[in-house]
Every structure is written in structure tokens, then in C-alpha cells.
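Beneath this line is the structure, given in C-alpha cells, with notes to follow.
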Amino acid sequence: MSDSAATAGLLWDRWLPEQVKRLVAQALPGGFADARALAVWLAGVHDVGKATPAFACQVEPLAEKMRRAGLAMPTMHQFGEDRRMAPHGLAGQEILQDWLVRAHGWNPRRAAQFAVVVGGHHGVPPDAAQVMDVRAHPRLLRTPGESEALWAAVQTELLEACADDFGVRERLADWRSVRLPQTVQVVLSALVIMADWIASNRDLFPYGVDGTDGASARTDEERVLAAWEGLGLPGPWQAQEPTGTPEELFASRFALPDGARPHPVQRAAIDLARRMPGPGLMMIEAPMGRGKTEAALAVAEIFAARSGAGGCFFALPTMATGNAMFPRVLDWLERLPDAQGQRLTVGLVHSKAALNEEYQELRSRGRQQIAAVDMDGDAGIPRPGSEKREAPAGLVAHQWLSGRKKAMLSSFVVGTIDQLLFAGLKSQHLALRHLSVAGKVVVIDEAHAFDAYMNEYLDRVLSWLGAYRVPVVVLSATLPAERRRALAEAYAGRAQRAVGFASVAEAEDYPLLTAVSPGHGPVQDAPGDSGGGARVRVERMADDEAALADRLEELDDGCVLVIRNTVPRVLETARVLRERFGDDTVTVAHARFVDLDRAAKDKALVDRYGPKSTSRPKRHIVVASQVAEQSLDVDFDLLVTDLAPVDLILQRMGRLHRHARTGRPARLRAPRTLVTGVEWGAAGVPEPVSGSQAVYGRHALLRSLAVLTPHLDAPESRPVRIPEDISPLVQTAYGDEEVGPAGWAPALAEARRAHETERAKKKRGASVFRIGEVKSPGSPLIGWLAAGVGDADDTRAGRAQVRDSEESLEVLVVQEHEGGRLTTLPWLGKGRGGLDLPRDAVPTDRAARAAAASALRLPVRLSKPWVIDQVIKELEQFYVDAWQAKESHWLAGELILPVQADCQTRLAGLVLRYSQDDGLEVLRETEG
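The working numbering puts the first residue of the sequence shown at 16, with every later residue one more than the last.
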């Protein structure tokens, strides 16, 4: 108990961001002193529930000693299943609440809001039914009869001693009238969980010290400080508010080209952040290529300095966008002022982070073993923070924070949006997720990329972030007005949202900044745009690969991007175009490549078509899926795209004439987009192809086509003006007004009805496991996570809880040779190809990691309910017993898909063909 209390004190003093300290301090009459004392005390008493018969009976020799001392108790067998009704966290909650009421005159409800922190220290606060059960079985807490009073005396003695030792006895009377906000209850619960985990670590706090190592001579304070030094946990970021002009700030933080100046939207964002009454929510809507990311980083620095945030979390739509953002964040961190020589923890958090080479390099530079360190600094154990352990500029991917439940606690985190949405999911140790964001600035990129199901979680998470006073920056090129309003209202909370928020959705300016400070109405700013506009000609095109080939053949040269909405359409289009133009002229990009091949594809695309390209081909065609919409900074001369929701069409246009470039082909000097994937018909309503409807829904596609129709290739049509037309197109497509020709009205109405039904279904589905809104101060967290999902993490099952999409199976692709020998795929670069994967032993770390980096997501059709059991059964035939050891962390528990020398295999009656050029193709047996 004393170790946990002391650890909580050190966490408070040396690790917890000022932003979180202030949140707790504002709820208590004694401010920061009360806040620290409360945290230490709750950590100190968190295990008082172990002083109960239900817990003590578990080790019979110790239980017998207690019986001889007068503390009677049944055996564990005699208790039976009833004992499970009093886990020691709940027991401690009841004991502490009873003591506060009985000995100090507290109201039971006031006592519960403090005691529930003890009740939830194993990850889930008790619910009302559990509290009723334990109260209906008092023998679990104190054995009835002669020893009942002695049990009560022991429990009281422990609590009285803690009140004295941790300095709260004189404060209890003042705390009696406190209405503790739920946000404070949550962060205190998380702090107690962390203190408990650290104090329970045997490397840091060894058991049974006999004095031979000199440890017995230490005071408790020295022992705790030695453990903290062994943990080596860096403190929070201490941001310094930049005072220079936007030009000076950008020049010092980012590697700008010579003569470059901040865009108007960047200057306006900095100005607005400085003018806001306090850090809050800022939404930045601006065209592609206007530096929204850099604007967000600059605003985050200002917000952090003003709020006391100890870090940032950058939430991206996908792992690919997260990987692309990670080095940009590292570059920014390297340029931050470092007046106090701070060491900063950095994390990349998604299911494939362990395979990111840049992150692994950072981890290896900052790696340390968790060990008890002698106070005098044993020369045999390098001290935390020594040069040989520390990454450049003090950036450390700290080992203790790399666990599944703790990774988000690093000061700076780049991850997928799922990690933020998990903060709205009823799951074990949710308090830790809340603490991980409560002390940061949160940046949400590509906010338009989330569906109705995900938005339900996002809105609820934003409501909690607003209650925590967490600064948030939301970025989007194309945000529908109602989503803008919903995000602002969610952050503002129920008390604020009735005032002035209608205007948020009425603003028609673009670019547009929207800001909400806690306790204040929304403020909007329209900075204008000086980035130079584009005029994109839009034409309809028949959905026919041969016609596409004919059209492209008319061009003498040029680089063309063709975006299809499904992988089968990508592969079929590429096949036809290769027949016409040759294999070397057509490249394929989609998500069905093994991870290493996908990374190599992305790099090759940026090398060829990126802003620093020196090898841009004279003529080439890239046929891609939606992977080309985001994260890749590439530039093409002509865009051909399947019909998609209008915001995604605009995103795709952002890859067209993206960079200032001379020497474009004469016929492609004006940007042009060809829209296909539609059965146009001579009359009537155009019909999007079935694959696109399955991905996006008919409603979004028809409304997209309706707003684009005035721009399509009639003589009187005009080009799409970027950025001027971005906001009008998006707002009209996602608004309620009627659009399109009169003859489309019945089809549009039918599509809307289906869309509304589906959206209502998504909202109902999201509400099942979503946490409730923040309740009024004084409401205990009892039942906060009732009927939850257990653990939540970035696995296939975990992501499915916050995304309403069908999650497919993932396999590791290896090659099977004659005789059954397994190796990694032969073409993998950097010496990773053809490495042996022995079936009778754990493979070398290099080979195992190469195999793990050959993960491939199978098509959704192989995860349907009627086939998934058969798929898993067949995959389990390749189960390798030797790889299931704890030493085989890369391969244990993974599904393996061996392919033959021709890179084919069969699965559930289908032929799976893989190639380095085309990725995975699924064929019927007759086609294979």
C-alpha cells in the first residue's frame, strides 16, 4: 500500500501533465495540494479490500494464521462461488465508503464518488447489481459472529493509518461536500491503476530482500526512488508558447522551401489559437495542399503551452496514413525548443507498429530493461537517460509504455483513429485510455473519412474531451456542414450547445476555421486562399475497359491515374490496359498486397510521382484502389475515376496536377477528370456499378452525380474550380435540398429512404457498447462500463467494435517448397527473401519478422458467416506447433498461408494467386 502511494506521488510530481493536475485541482477546495494528497491516498488504500475473508481465504496457510489471531473465515471451498461476488476492488470500495460514512459523517453518495476509484482499480468500476450482491452477502467482507468486530477493527485500523500516513485526515471534513466530476474520478482511477502496476513489478519492487544486496538498509523513500529510477519514465512535454510571427514560427518548426511563406489558412489558424479565450476545439477546413498538418502542429504547440498539455495524439484514418505521418511528427519534435533538455516518449500505435522500421529504430535506441537500480548507481547498470540509451534529441519509445494497454500513455502518439474511438467503447481499463488523452492535445486528420457508425463514437469521445478541457484540432478538406455543427456541439457539451451553434452549419466560406472554447460560443474565421486555383474539366466516360484503352491510346504520353472502387475492377482494368500498352507501362496499387510489398509500392509511387521525383516516366498508367486517395503525395497528368461520394472525388482530384511542374504533355496541360463506373444510359437515371454501390451506397453516389452533373461535358458546363467549388459541392451533396434532374427524384427519394434506414441501424448498433455522456458532478462512476466488451485493442475483433465494416481475416504469406520446407517470400528486399522458417523450431528473429511483415488481408468474401469456418479450418492445417512458444512473438497465434512455387494455393474452393506486381487475386477453381 505504501509503495503504491509513493509511486502515485512520483507519477503526480514527475509524469502527470499540468493539464490533468489542474482538472483534479479545480474540483477540490484545497486546489493542487488537495489533488495530490487525494491521488496518493486513494493509491494507498486501493488494496484495503484484501483485508476480507473472501480474499484472505485463498492461501490456506496464511488464512490459518489469521484464524489463530481471531480473524475467523471459511475456507475457499466453503465459500464456493459466492466468494466471486466480492473481488477485492469492490470489497475495498464498500469498506472505504462505509468508513467515510460511519467514521466521518459523509453522505453515502458523496462517499461513493471517491470509493469507486478503489472499486475500479482492476479496470472496470462495479455496477449497481454487483454492489447490491456484495451488500446482500456481508460475510464476504466480515465473518459474522465473534470475529466480525475484529475484522471491522482491522479494516478501520488500516484506513486510519492511511489517513494519517498520507496526510488526508485533516482534509476529509472539507472533502465531504465535494461533488467530484466524473472526469476526475476517471483520471484518478487511471492513476491508481498505473501506480498499482508499477508498485507490483517485482523488478522494481523485489520481494523477500534479505539484506545481502544492501537493500535492507534503505529507507522506504530510497527504495521507491530507486524503483522510479529503474523505471526511467520521462516526464511530460513542457511546451513553451511561441511568440514570434507565423513566418518565424513556421521557419523554425518546418523545413520550408526557400522563399516559402505560410498559407493564409496557416496564419489564420495561429492567430485564432492565440485569440481564443482558452484552448478548445479548432476545426480547419481547407483545400488539399494548403499545409493543414503544419497548421495543426503549430496550433497544438500554442494550445499545449496554454493548457499545460504534456503531449499530442495524432489520429489518422488508416495505418498507412499513420506511418506516413510518423516521420513528419518526429521531424517537428526535433525542431521544438528544448530549453530544459527534456526526454520525450514517442509511440506509433496501431496493429502493425512493431513492423515500422523507423519506430523500431527509435525503440532500439531508447530500449532499457526494467530493473531495480541501486541508489548509488551500480556501474553495471546504465542509468536511464544515459547517452547509450537515449535517442537523438531525447525522443524515446519507452519500453514500459509499449504494452497494449499502456502505449497510448506516451507523450507523443501517432495512431489510427480507432485508438481514439476506443475511448468511447465500454471496455476494461478504459480509464487508462482516458488518461492517455486527457493530458494531450488531440489532432484528428481526414475527419470526413468516417462513416455514421464511427461518428457516433467520435461525437461521444469529443464530449468527454470537452469535459476534460482537452484541446482538439480537427482537419478536413471537405467537411459537410452538419458534421461541422455536430462536432462543435459534441465538444461544447449539453450546457453550451443550445447557444449560437446554428451558425456553425450556416457558414458558406471556404477555407473556414471554426473554434469553440469551453464556456464560450463558437467563433469562425474565413482566411481566404492564395494557393492558386485549379480548373478541372470533368467528363463522363462509358464503363468499358476497351473504351478507356482507346482514350488513353490517343494520348502521346503522360502519367495517368485510374482509380477503381474495388480490387477486382483494378485487376481487370490493369489486365486490359497491359494487353494494349504492355506490362512495363501499367502499375497496380491496392490494399491486397503483403505489407512489405505494399510499402515498396507506396515508396515507388512517391519516388516516381512525388514532389522530389527525378525518374518520372514519359508515359505510365497507375491503376489503383482507394489507397491513392490519402497519404501519398503524388501528381498525375490525367485522372480517371469510378464514381464515388463527391468529397472523395475531390480528394482524388487532389492527385491531379498537384505539384508545380513544367513539361506536361500538350494535351494534358489543363487538369481533366474522366468519371466512369456508371451505366449512363441514353435516358433515365444513371446507375452506378454494383461494386461501387456495395462500398458507398446508392444514395451517396446518386447525390454525388447529381451535384457533378452541371460540370459534366455538356457544351454549357463549366470546370470544377478548386478550391471555390469544394464547399458548395460537398454541402449540397450532403444537404437535404433536392438535387439532380426532375426525372431522378423518385430514384433519389428511394435511395434516401434506404440510406436513412441504414444510418439509423448504424446508430443503434453503435449505442450498444458506447459509453454514456458525462453526467453531472457528484455522480459516481458505478456502472460506467456495465455490459461492456471486455478488452479492446487494435485487433480485427477490436476494430470491428468501433468500425461498422466487415473485417477480413489476416494471414502471413510464406512459400512452401517441395518436401514441405517453408521460407519467406523469395523477392523480399533487404535480405529478407528466402529465409528458412523451420517447422520444428522457432525461426530466427530476422526470418520471423520478415514473415510477420508479409501479412495479407483476405477478401471479405472469405470472412462471410457461411464460409469463414471452412476457411479457418483449412488454414489451421498449416498450424506449426513450434511457433506457438512465447519466444516466437512474431508468429505465435498467426494464421499461415503457404503458397507454392507458382504463388498459388487453394482455399475454400477458390484459387488464390499472388504476385509481386498484382497482389492477391481470387479466382474460381475453373478460372485457376
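We put the beta carbon where it would ideally sit given N, CA and C, even for glycine.
Quiz item: Which of helix, strand or coil does DSSP assign to Ile786?
Solution: On the sequence shown, position 771 is the one that residue 786 refers to. Judged by DSSP in its simplified three-state form, Ile786 adopts coil rather than helix or strand.
Quiz item: If you follow the beta strand (DSSP E) that Leu935 is part of, which residue opens it and which one closes it?
Solution: What you label residue 935 is simply residue 920 of the sequence shown in a count that begins at 1. It spans Gly934 to Arg939 - the beta strand (DSSP E) in which Leu935 sits, taken as one unbroken run.
Practice problem: Determine, using beta carbons only, whether Phe516 and Pro495 come nearer to each other than 8 Å. | Solution: Start at 1 with the first residue of the sequence shown, and residue 516 comes out as number 501. Start at 1 with the first residue of the sequence shown, and residue 495 comes out as number 480. Not closer than 8 Å, so no.
Quiz item: Which term fits Leu779, buried or exposed, when burial requires 16 or more other beta carbons within 10 angstroms of its beta carbon?
Solution: Stepping through the sequence shown from its first residue, residue 779 is reached at position 764. For the sequence presented, residue 779 should be read as Arg rather than Leu. With fewer than 16 Cβ atoms within 10 Å of its Cβ, Arg779 is classed as exposed.
Exercise. Return the chain-ordered list of same chain residues with a C-beta closer than 6 Å to the C-beta of His463, the five sequence neighbours on each side being excluded.
Key: Here the question's residue 463 lines up with position 448 in the sequence shown. Around His463: Ser491, Thr493, Leu494 and Asp662.
Practice problem: Please work out which residues of its chain come closer than 6 Å, Cβ to Cβ, to His137, disregarding the five sequence neighbours upstream and downstream, and give them in chain order. | Solution: Counting from one through the sequence shown, the residue named residue 137 turns up at place 122. Beyond the five residues adjoining it in sequence on each side, His137 comes within less than 6 Å, by CB distance, of Gly104 in the same chain, given in chain order.
Quiz item: How would you call Gln383, buried or exposed, if buried means at least 16 neighbouring beta carbons within 10 angstroms?
Solution: As a first step, residue 383 is located in the sequence shown; it is residue number 368 there, counting from the start. With a pLDDT of 42 at Gln383, under the threshold of 50, the modelled position of this residue cannot be trusted; read the value that follows with caution. By the neighbour-count rule (16 or more Cβ atoms within 10 Å), Gln383 is buried.
Quiz prompt | Given Ala681 as reference, the closest of Thr258, Val637, Cys574 and Val132 once Cα atoms are compared | solution = Your numbering for residue 681 matches position 666 in the sequence shown. Ala681 has its Cα closest to that of Cys574, out of Thr258, Val637, Cys574 and Val132.
Quiz item: What do you reckon, are the CB atoms on Asp196 and Ala52 nearer than 8 Å?
Solution: In the sequence shown, counting from the first residue as 1, residue 196 sits at position 181. In the sequence shown, counting from the first residue as 1, residue 52 sits at position 37. For the record, residue 196 in the displayed sequence is Pro; it is not Asp. Their beta carbons are not under 8 Å apart, which means Pro196 does not touch Ala52 by this criterion.
Quiz item: Which stretch, first to last residue, makes up the beta strand (DSSP E) that contains Leu689?
Solution: Counting from 1 along the sequence shown, the entry for residue 689 is found at position 674. Run containing Leu689: Arg687 to Thr691, per the beta strand (DSSP E) assignment.
Quiz item: Excluding the five sequence neighbours on either side, which residues of its own chain have a C-beta within less than 6 Å of the C-beta of Ala408, listed in chain order?
Solution: As a working note, residue 408 is residue 393 in the sequence shown. Note that Ala408 scores 35 on pLDDT, short of 50, meaning its location in the model is unreliable; the coordinates nonetheless yield the value given after this. Glu349, listed in sequence order.
Quiz prompt | For Ala422, the first and last residue of its enclosing alpha helix (DSSP H) | solution = Here residue 422 refers to the residue found at position 407 when the sequence shown is read from its first residue. Where Ala422 is concerned, there is no enclosing alpha helix (DSSP H), given that its DSSP letter is neither H nor E.
Quiz item: Excluding sequence positions up to five away, which residues of its chain have a Cβ less than 8 Å from the Cβ of Leu440?
Solution: Position 425 of the sequence shown holds residue 440. These residues qualify, in order along the chain: Tyr472, Phe784, Arg785, Ile786, Gly803, Val804, Ala807, Gln816 and Val817.
Quiz prompt | Proximity of Leu528 and Met297 at Cβ, strictly below 8 Å | solution = Along the sequence shown, read from residue 1 onward, the residue named residue 528 stands at position 513. Along the sequence shown, read from residue 1 onward, the residue named residue 297 stands at position 282. Contact flag set, yes.
Self-check item: Euclidean distance between Cα positions of Ala167 and Pro795
Solution: By one-based count along the sequence shown, residue 167 stands at place 152. By one-based count along the sequence shown, residue 795 stands at place 780. As the crow flies, the alpha-carbon of Ala167 is around 25 Å from that of Pro795.
Exercise. State the DSSP-derived secondary structure class of Gly104, mapped to helix, strand or coil.
Key: Taking the sequence shown and counting its residues from 1, one reaches residue 104 at position 89. Gly104 sits in a helix when the DSSP states are folded into three classes.
Exercise. Determine the direct distance from the alpha carbon of Asp572 to that of Leu683, and round the result to whole angstroms.
Key: Residue mapping note: residue 683 aligns to position 668 of the sequence shown, counting from 1. Residue mapping note: residue 572 aligns to position 557 of the sequence shown, counting from 1. Whole-angstrom Cα-Cα distance: 9 Å.
Quiz item: Glu33 and Gly481 look like a contact to me (Cβ under 8 Å); what is the Cβ gap, rounded to whole Å?
Solution: Residue mapping note: residue 33 aligns to position 18 of the sequence shown, counting from 1. Residue mapping note: residue 481 aligns to position 466 of the sequence shown, counting from 1. Actually they do not touch by this definition, with Cβ atoms about 19 Å apart.
Practice problem: Keeping to the same chain, check which residues put their C-beta closer than 6 Å to that of Asp189; ignore five residues upstream and five downstream. | Solution: Walking along the sequence shown from the start, residue 189 turns up at place 174. Result list for Asp189: Pro44, in chain order.
Exercise. Kindly indicate which three-state DSSP category Pro123 falls into: helix, strand or coil?
Key: Here residue 123 corresponds to residue number 108 of the sequence shown, with the count starting at 1. If DSSP states are grouped into helix, strand and coil, Pro123 belongs with the helices.
Quiz item: Excluding sequence positions up to five away, which residues of its chain have a Cβ less than 8 Å from the Cβ of Arg676?
Solution: Translated into the one-based positions of the sequence shown, residue 676 becomes position 661. Closer than 8 Å at Cβ, skipping near neighbours: Asp650.
Self-check item: Selection from Gly798, Ala715 and Glu889 that minimises the alpha carbon distance to Ala143
Solution: Within the sequence shown, numbered from 1, the residue matching residue 143 stands at position 128. A check of alpha carbon separations from Ala143 across Gly798, Ala715 and Glu889 identifies Gly798 as the nearest.
Quiz item: Counting along the chain, where does the alpha helix (DSSP H) carrying Tyr711 start and finish?
Solution: For this step, residue 711 is matched to residue 696 along the sequence shown. Counting along the chain, the alpha helix (DSSP H) containing Tyr711 begins and ends at Ser705 to Tyr711.
Exercise. Give the single residue among Asp474, Thr431 and Ser425 whose Cα lies nearest to the Cα of Leu450.
Key: The residue labelled residue 450 in the question sits at position 435 within the sequence shown. Its Cα nearest to that of Leu450, the residue Ser425 stands out among Asp474, Thr431 and Ser425.
Quiz item: Which two residues bound the contiguous alpha helix (DSSP H) that contains Ala897?
Solution: To locate residue 897, count along the sequence shown from 1; it is residue 882. Looking at the DSSP string, Ala897 is not in any alpha helix (DSSP H), and its letter there is neither H nor E.
Quiz item: Buried or exposed: which applies to Thr336, given that a residue is buried once 16 or more other Cβ atoms fall within 10 Å of its Cβ?
Solution: As a working mapping, residue 336 is identified with position 321 in the sequence shown. Looking at its Cβ environment, which holds 16 or more other Cβ atoms inside 10 Å, Thr336 is buried.
Self-check item: As assigned by DSSP and simplified to three states, the class of Pro913
Solution: Looking up residue 913 in the sequence shown gives position 898. It is a strand residue.
Quiz item: Given a threshold of 16 other Cβ atoms within 10 Å of its Cβ, counted over all protein chains shown, does Glu172 qualify as buried or as exposed?
Solution: Within the sequence shown, numbered from 1, the residue matching residue 172 stands at position 157. By the neighbour-count rule (16 or more Cβ atoms within 10 Å), Glu172 is not buried but exposed.
Practice problem: Return the chain-ordered list of same chain residues with a C-beta closer than 6 Å to the C-beta of Ala769, the five sequence neighbours on each side being excluded. | Solution: The residue you call residue 769 lines up with position 754 of the sequence shown. Counting only Cβ-Cβ distances below 6 Å, and skipping sequence neighbours, we find nothing.
Quiz item: So which of Ala310, Pro626 and Phe70 has the shortest CA-CA distance to His674?
Solution: Sequence index remark: in the sequence shown, residue 674 carries index 659 (1-based). Out of Ala310, Pro626 and Phe70, Pro626 has the C-alpha closest to the C-alpha of His674.
Quiz item: Counting along the chain, where does the beta strand (DSSP E) carrying His635 start and finish?
Solution: Along the sequence shown, one-based indexing puts residue 635 at 620. His635 -> beta strand (DSSP E) spans Arg634 to Ala639.
Quiz item: Who are the near neighbours of Ala801 in its chain, counting only those whose CB is closer than 6 Å to its CB and skipping five residues on each side?
Solution: As a working mapping, residue 801 is identified with position 786 in the sequence shown. These residues qualify, in order along the chain: Asp142.
Quiz item: For Cys918, which of helix, strand or coil comes out of DSSP?
Solution: For this step, residue 918 is matched to residue 903 along the sequence shown. Three-state DSSP puts Cys918 in coil, outside helix and strand.
Quiz item: Is Val35 closer than 8 Å to Val202 when the C-beta atoms are compared?
Solution: By 1-based counting over the sequence shown, the position of residue 202 is 187. By 1-based counting over the sequence shown, the position of residue 35 is 20. In contact: Val202 and Val35 (Cβ atoms closer than 8 Å).
Quiz item: Under 8 Å, do Arg736 and Arg552 count as touching if we go by C-beta distance?
Solution: To locate residue 736, count along the sequence shown from 1; it is residue 721. To locate residue 552, count along the sequence shown from 1; it is residue 537. No; because the gap between Cβ atoms is not below 8 Å, this pair is not in contact.
Quiz prompt | Opening and closing residue of the alpha helix (DSSP H) in which Met469 lies | solution = Position 454 of the sequence shown, counting from 1, holds the residue named residue 469. Run containing Met469: Ala467 to Tyr483, per the alpha helix (DSSP H) assignment.
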